[in-house]
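Enquirer: Anchor point for the sequence shown: position 241 equals 229 in this note's numbering, and the numbering is continuous, going up by one each time.
Yeah, the Cβ is synthetic: ideal placement off N, Cα and C, and Gly gets one too.
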Amino acid sequence: MNRIRAVLVLLACVLFYTGSSANAQVSTGISSPLGYVSSYMPFMGPNASKSSDSIFPFSAFGFSPNFRGELRGTVFLENLQNGTFRNSTTGTSFDFVKDLGFQKDGILLESMARTQLSRYALRAYYRTYLRDPNGKQAKLNWPEWRVGADFDLIDYCGLRLGLDVDTTWKQPTFGYSPASGTAEFIALPRPVTMGAHLSYNPSDFENITPVVDLRYRMPAIQGSSVTEFEAAAGLKTPRSSRGTSGLMVGWRYTTFEHDTGNRRLDFSWSAFYLQYVGFY
């Protein structure tokens, strides 16, 4: 009987201690959502991303059940480096600036939204010209919408390194009507690119931190060949519960080539830009 009583007393003490700890954790959970649950699940709570990345820094299956993303607004000061169109069938050859009246400089506005779950992200771009460089005798209509997807091979402590794919929503078109000669309109194949990205965006709740973005795209299919390199750097404010924001400056260089044998269209442009970005 004495042994039974001793066991019952010990069991009561254990239950009392466990109940007190549970009440404290439940109270914490009330003031901080998921606080109680996250104490038992290693990949939940405010340190979920850091926890999973420390264990799976190179794994596609290190899954953090949280969303990340960003919104960007950018002003580009574009400069047309070169542009030519040749038609061997008709024997015509035009320079964008000299023959077709294109402007060397243009001002482009571009917005971008990106949402990310674990290592997978989707992007959407919308662009419009504030100063259109198209000429009086020719017009290059580049699609306003572009969509893309990213896969991060590395996602660790604010450093992202991965692969991406992009395409435009519609087909680009090119048309010209020279002062002498026959007008022509071309619906170009929709460009598809594959590439890589490198991004550094540390999470800091106290200090202003640097942000760096690098992207490179190259043609994935024949027909409309787009090659592009982009580099940007800037500063962002300390992180808060509503996210953070920053300013970046950058440079983008783009080339395009369409060659069917008898017709060839190629041009390139570079642009310096100022960008506002909001991270959430």
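In terms of residues, what are the limits of the beta strand (DSSP E) holding residue 69?
Expert: Taking the sequence shown and counting its residues from 1, one reaches residue 69 at position 81. Segment 55 to 75, the beta strand (DSSP E) holding residue 69.
Enquirer: If I'm right that residue 115 touches residue 136 with Cβ under 8 Å, what's the distance once you round it to whole angstroms?
Expert: Position 127 of the sequence shown holds residue 115. Position 148 of the sequence shown holds residue 136. In fact, because the Cβ distance is near 13 Å, the residues do not count as touching under 8 Å.
Enquirer: Go through the segment 102 to 161 residue by residue and report every complete run of the beta strand (DSSP E) that reaches 3 residues or more, in order.
Expert: 108 to 119, 126 to 129, 133 to 144, 147 to 156
Enquirer: Taking just the CA atoms, how far does residue 97 sit from residue 148?
Expert: Taking the sequence shown and counting its residues from 1, the one referred to as residue 148 is at position 160. Taking the sequence shown and counting its residues from 1, the one referred to as residue 97 is at position 109. Taking the straight line joining both Cα atoms gives about 26 Å.
Enquirer: To which residues of the same chain is residue 204 closer than 6 Å at the C-beta, ignoring the five residues directly before and after it?
Expert: By one-based count along the sequence shown, residue 204 stands at place 216. Once the five neighbours on either side are set aside, the close Cβ partners of residue 204 are 183, 184, 217.
Enquirer: Starting from residue 198, follow the beta strand (DSSP E) in both directions and report where the run begins and ends.
Expert: In the sequence shown, the residue the question calls residue 198 occupies position 210. Looking at the DSSP string, the run of the beta strand (DSSP E) that includes residue 198 is 197 to 207.
Enquirer: Does any heavy atom of the ligand FMN sit closer than 7 Å to the C-beta of residue 133?
Expert: Summarising the ligand content, the structure contains no ligands, and the ligand FMN is consequently not present.
Enquirer: Would you kindly work out how many angstroms separate the C-alpha atoms of residue 231 and residue 58, rounded to a whole number?
Expert: Taking the sequence shown and counting its residues from 1, the one referred to as residue 231 is at position 243. Taking the sequence shown and counting its residues from 1, the one referred to as residue 58 is at position 70. In a straight line, the C-alpha of residue 231 is about 9 Å away from that of residue 58.
Enquirer: By alpha-carbon positions, which one of 131, 151, 146, 128 ends up nearest to residue 139?
Expert: As a first step, residue 139 must be located in the sequence shown, where it is residue number 151. Among 131, 151, 146, 128, the Cα nearest to that of residue 139 is on 151.
Enquirer: Out of 267, 258, 268, 264, which has the shortest C-alpha to C-alpha gap to residue 92?
Expert: For the purposes of this step, residue 92 is identified with residue 104 of the sequence shown, where counting begins at 1. Comparing Cα-Cα distances from residue 92 to each of 267, 258, 268, 264, the minimum goes to 258.
Enquirer: Do you know how far the Cα of residue 221 is from the Cα of residue 195?
Expert: As a working note, residue 195 is residue 207 in the sequence shown. As a working note, residue 221 is residue 233 in the sequence shown. Roughly 17 Å separates the two Cα atoms.
Enquirer: Near residue 77, which residues of its chain fall below 6 Å by C-beta distance, leaving aside the five closest residues on each side in sequence?
Expert: Within the sequence shown, the letter at position 89 stands for residue 77. 250, listed in sequence order.
Enquirer: Go ahead and label residue 198 buried or exposed: buried means 16 or more other beta carbons lie within 10 angstroms of its beta carbon, across all protein chains shown.
Expert: Working through the sequence shown from its first residue, we reach residue 198 at position 210. With fewer than 16 Cβ atoms within 10 Å of its Cβ, residue 198 is classed as exposed.
Enquirer: Check whether the Cβ atoms of residue 124 and residue 89 lie closer than 8 Å to each other.
Expert: One-based indexing of the sequence shown puts residue 124 at position 136. One-based indexing of the sequence shown puts residue 89 at position 101. Their beta carbons are under 8 Å apart, which means residue 124 touches residue 89 by this criterion.
Enquirer: Let me check understanding here. Comparing Cα to Cα, which of 190, 210, 119, 105 lies closest to residue 180?
Expert: If you number the sequence shown from 1, residue 180 lands on position 192. Measuring from the Cα of residue 180, the nearest candidate turns out to be 210.
Enquirer: Using the Cα positions of residue 189 and residue 107, report the straight-line distance between them to the nearest angstrom.
Expert: As a working note, residue 189 is residue 201 in the sequence shown. As a working note, residue 107 is residue 119 in the sequence shown. Rounded to the nearest angstrom, the two C-alpha atoms are 15 Å apart.
Enquirer: Would you mind stating whether residue 212 and residue 252 have Cβ atoms separated by less than 8 Å?
Expert: Taking the sequence shown and counting its residues from 1, the one referred to as residue 212 is at position 224. Taking the sequence shown and counting its residues from 1, the one referred to as residue 252 is at position 264. No, Cβ-Cβ distance for residue 212 and residue 252 is not below 8 Å.
Enquirer: Have a look at the DSSP bridge pairing and note the partners of residue 88.
Expert: Taking the sequence shown and counting its residues from 1, the one referred to as residue 88 is at position 100. Paired residues: none, contrary to the question.
Enquirer: Check this for me: beta carbons of residue 161 and residue 176, under 8 Å apart or not?
Expert: Along the sequence shown, one-based indexing puts residue 161 at 173. Along the sequence shown, one-based indexing puts residue 176 at 188. Residue 176 is positioned such that its CB atom lies closer than 8 Å to that of residue 161.
Enquirer: Quick check on the burial criterion: 16 or more other C-beta atoms within 10 angstroms. Buried or exposed for residue 109?
Expert: Taking the first residue of the sequence shown as position 1, residue 109 is located at position 121. Within 10 angstroms of the beta-carbon of residue 109 lie 16 or more other beta-carbons, which makes it buried.
Enquirer: By the three-class DSSP mapping on this structure, what secondary structure does residue 171 have?
Expert: Walking along the sequence shown from the start, residue 171 turns up at place 183. In this structure, residue 171 counts as coil in the three-state DSSP scheme.
Enquirer: Identify which residue in 187, 83, 102, 234 has its Cα closest to the Cα of residue 144.
Expert: Taking the sequence shown and counting its residues from 1, the one referred to as residue 144 is at position 156. Relative to residue 144, the option among 187, 83, 102, 234 whose CA is nearest is 187.
Enquirer: Can you list the beta strand (DSSP E) stretches of 3 or more residues lying completely in the segment 206 to 254, in chain order?
Expert: Within the segment 206 to 254, the complete beta strand (DSSP E) runs of at least 3 residues are 213 to 224, 232 to 247.
Enquirer: Could you tell me the alpha carbon to alpha carbon distance between residue 246 and residue 100, rounded to whole angstroms?
Expert: Position 258 of the sequence shown, counting from 1, holds the residue named residue 246. Position 112 of the sequence shown, counting from 1, holds the residue named residue 100. Rounded to whole angstroms, residue 246 to residue 100 spans 26 Å at the Cα level.
Enquirer: Pick helix, strand or coil for residue 166, following the three-state DSSP scheme.
Expert: Taking the first residue of the sequence shown as 1, we reach residue 166 at position 178. In the displayed model, residue 166 falls within coil according to three-state DSSP, outside both helix and strand.
Enquirer: Taking 8 Å as the limit between beta carbons, can you name the residues of its chain near residue 113, skipping five residues before and five after?
Expert: Residue 113 sits at position 125 when you count from the first residue of the sequence shown. Within the same chain, residue 113 has close Cβ partners 98, 99, 100, 133, 134, 135, 136.
Enquirer: From residue 118 to residue 64, what does the alpha carbon distance come to, in whole angstroms?
Expert: Here residue 118 refers to the residue found at position 130 of the sequence shown. Here residue 64 refers to the residue found at position 76 of the sequence shown. Taking the straight line from one Cα to the other gives about 10 Å.
Enquirer: Specify, as a first and last residue, the run of the beta strand (DSSP E) that residue 188 falls within.
Expert: On the sequence shown, residue 188 is found 200 positions in, with the first residue counted as 1. Segment 180 to 188, the beta strand (DSSP E) holding residue 188.
Enquirer: Does the separation of the CB atoms of residue 121 and residue 66 fall below 8 Å?
Expert: Counted from its first residue, the sequence shown places residue 121 at position 133. Counted from its first residue, the sequence shown places residue 66 at position 78. Closer than 8 Å, so yes.
Enquirer: For residue 193, which three-state DSSP category applies?
Expert: If you number the sequence shown from 1, residue 193 lands on position 205. Looking at residue 193 - three-state DSSP - the assignment turns out to be coil, as it is neither helix nor strand.
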